[in-house]
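Have a look at the structure below before the remarks.
Residue numbers (the numbering used here), protein chains in the order written: chain A, 1 to 312; chain B, 1001 to 1206.
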């Protein structure tokens, strides 16, 4: 008779994962607190700190991830300047604690969340998504966050809530790019409620397992992987449920070039350039852009019957 | 050797090569950033525009300073502008479009900023081709008429730049303002202004 070796049993087989995770989080929390006490800083605030309790998700890709360096030094975040290197250089002035996110509008439970409360709202998961910029380049980024629907569920939208508006911090003191009138500040983005409720729609608080760097939209940003990058509002302070379609920052700036939907679509060109191909950062040859950035099977049904050339 | 070093043309030649040296050094050391092809495209485009502006500033400078010998450097400056335009164009057809003739043709017809940039490049070719002394002699008066093409070329270059930026027009507008100034200085009013500035300067010195 074969007797199984006792070392086949892992501690995690005995301890329920929830308890196991709680213990781990407790230990990491104690460690961070101790380190924070020594250094005189609040724990887990700075970019670069590891996020605790992140678990893997089914959202993975068989594509090489863009390097951490490229993800954090090649950014469009006009609040810190219009150059790609500007955000990494200037975003140090952004203070991400204390930080609150107001959830308001056509909902039953309006609430102002403290960022630390938001962090505990739902389990944090890692999701590897493609990111396609409207300018014709793309990345593959391992985000850390939770689905936006976790907030929407708790907000209890009323029958009038048809759209969700996202507002970025408006503070030229912290965001030097806002001293220039290149866009009408604050930055506003929006989604239809069904898009906002979609399981792919993520609120990210980190990338590569770490606290979100300021230049990537700290402390909390939207990630809508089937839309062009600018739809994913950064450094969000307000999530507002509204009846009418929000006028987004880019629609206000150039209505002929940027529509409300801005779904990634290789067949609908930007008025000034083609969207058929993209340059994946780190690759030499351009690759074909995929319909809905490759997320068609999950999202295409939301746009059935719509003329995507008209609703660009 | 020392005689050669005293020739300012050698120095100007070396300075004009610096943007290319910079790109080569950055490329070899991995310093071109996350999107190297975009970096090279923008850099060669920028230096084409700067080259055109510097070439166009020779005549106003000559009128302002009274130094007629400045004209000796104009051809080299213009040819360097053309050289960076060639690098810019090659970057586009090779690194950006991978020699796909259909895609390039479609781009040139469909994209206004490509159309404008391509037109400017094509118009530069006859200027470079007729830059030799022999061609100057052969064309006579018509040489100068032909080479006035540099004015529309520079304007198209600035439009090309302004049309491609997503939102921030600051830099294209700076080039536009410099070009406008250089062109105004060629109008009778501008020429008079330059000459009166020079005579005042000369008077002040004597």
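By construction, the Cβ of each residue, glycine as well, lies at the ideal position given by its N, Cα and C atoms.
Going along chain B in order, which residues have a C-beta closer than 8 Å to the C-beta of residue i?
| i | result |
| --- | --- |
| residue 182 (chain A) | 1167, 1168 |
| residue 279 (chain A) | 1035, 1037, 1038 |
| residue 89 (chain A) | Result: empty, since nearest Cβ-Cβ is about 13 Å, beyond 8 Å. |
Between which two residues does the beta strand (DSSP E) holding residue i run?
| i | result |
| --- | --- |
| residue 240 (chain A) | 236-242 |
| residue 164 (chain A) | 163-168 |
| residue 206 (chain A) | 202-207 |
With a cut-off of 7 Å, does the C-beta of residue i fall near any C-beta of chain A?
| i | result |
| --- | --- |
| residue 1120 (chain B) | no |
| residue 1111 (chain B) | yes |
| residue 1105 (chain B) | no |
| residue 1034 (chain B) | yes |
| residue 1177 (chain B) | no |
Residues bridged to residue i by DSSP?
| i | result |
| --- | --- |
| residue 316 (chain A) | This structure leaves residue 316 (chain A) out entirely; chain A is present only between 1 and 312. |
| residue 125 (chain A) | A:55, A:145 |
| residue 270 (chain A) | A:273 |
| residue 278 (chain A) | A:287 |
| residue 222 (chain A) | A:203 |
| residue 131 (chain A) | A:139 |
| residue 64 (chain A) | BP columns for residue 64 (chain A) are empty, so no partner. |
| residue 107 (chain A) | A:157 |
| residue 227 (chain A) | A:263 |
| residue 210 (chain A) | A:50, A:207 |
Along the chain, where does the alpha helix (DSSP H) containing residue i start, and where does it finish?
| i | result |
| --- | --- |
| residue 1087 (chain B) | 1074-1090 |
| residue 188 (chain A) | Per DSSP, residue 188 (chain A) belongs to no alpha helix (DSSP H); it is in the beta strand (DSSP E), 188-192. |
| residue 198 (chain A) | No alpha helix (DSSP H) contains residue 198 (chain A), which DSSP labels as neither H nor E. |
| residue 1113 (chain B) | 1112-1129 |
| residue 1038 (chain B) | 1036-1065 |
| residue 257 (chain A) | It is not in any alpha helix (DSSP H) - residue 257 (chain A) carries neither H nor E in the DSSP assignment. |
| residue 1143 (chain B) | 1141-1147 |
| residue 1009 (chain B) | 1008-1028 |
| residue 1150 (chain B) | 1150-1164 |
| residue 1265 (chain B) | Coverage of chain B is limited to positions 1001 through 1206, which leaves residue 1265 (chain B) absent and any answer about it impossible. |
| residue 299 (chain A) | 296-299 |
| residue 317 (chain A) | It is not possible to answer for residue 317 (chain A), since the shown part of chain A is limited to 1 through 312. |
Counting only C-beta atoms, is residue i closer than 7 Å to chain B at any point?
| i | result |
| --- | --- |
| residue 143 (chain A) | no |
| residue 42 (chain A) | Its pLDDT being 45, under 50, residue 42 (chain A) is placed unreliably by the model, and nothing is read from it. |
| residue 273 (chain A) | yes |
| residue 168 (chain A) | no |
| residue 82 (chain A) | yes |
Along chain B, which residues have their Cβ under 7 Å away from the Cβ of residue i?
| i | result |
| --- | --- |
| residue 107 (chain A) | Per Cβ cutoff of 7 Å: no residues; residue 107 (chain A) is ~33 Å from chain B at best. |
| residue 135 (chain A) | 1166 |
Can you pull the chain B residues whose beta carbon is under 9 Å from the beta carbon of residue i, in chain order?
| i | result |
| --- | --- |
| residue 253 (chain A) | 1167 |
Exercise. Quick one: which residues of the segment 1136-1166 of chain B get their C-beta closer than 8 Å to a C-beta of chain A? List them in chain order.
Key: Cβ contacts with chain A: 1163, 1164, 1166.
Quiz item: Along the segment 1080-1104 of chain B, what residues have a CB closer than 9 Å to any CB found in chain A?
Solution: The residues in question are 1095, 1096, 1097, 1098, 1103.
Practice problem: Anything in the segment 63-76 of chain A with a Cβ closer than 7 Å to a Cβ of chain B? List those residues in chain order, please. | Solution: Along the segment 63-76 of chain A, going in chain order, the ones with a CB nearer than 7 Å to a CB of chain B are 70, 73, 74.
Practice problem: Select from the segment 1016-1046 of chain B all residues with a C-beta closer than 8 Å to any C-beta belonging to chain A, and list them in chain order. | Solution: Listed by position along the chain: 1033, 1034, 1035, 1037, 1038.
Exercise. Using a Cβ-Cβ cut-off of less than 9 Å, give me the residues of the segment 280-296 of chain A that come near chain B, in sequence order.
Key: Residues passing the 9 Å Cβ filter: 281, 282, 284, 285, 286.
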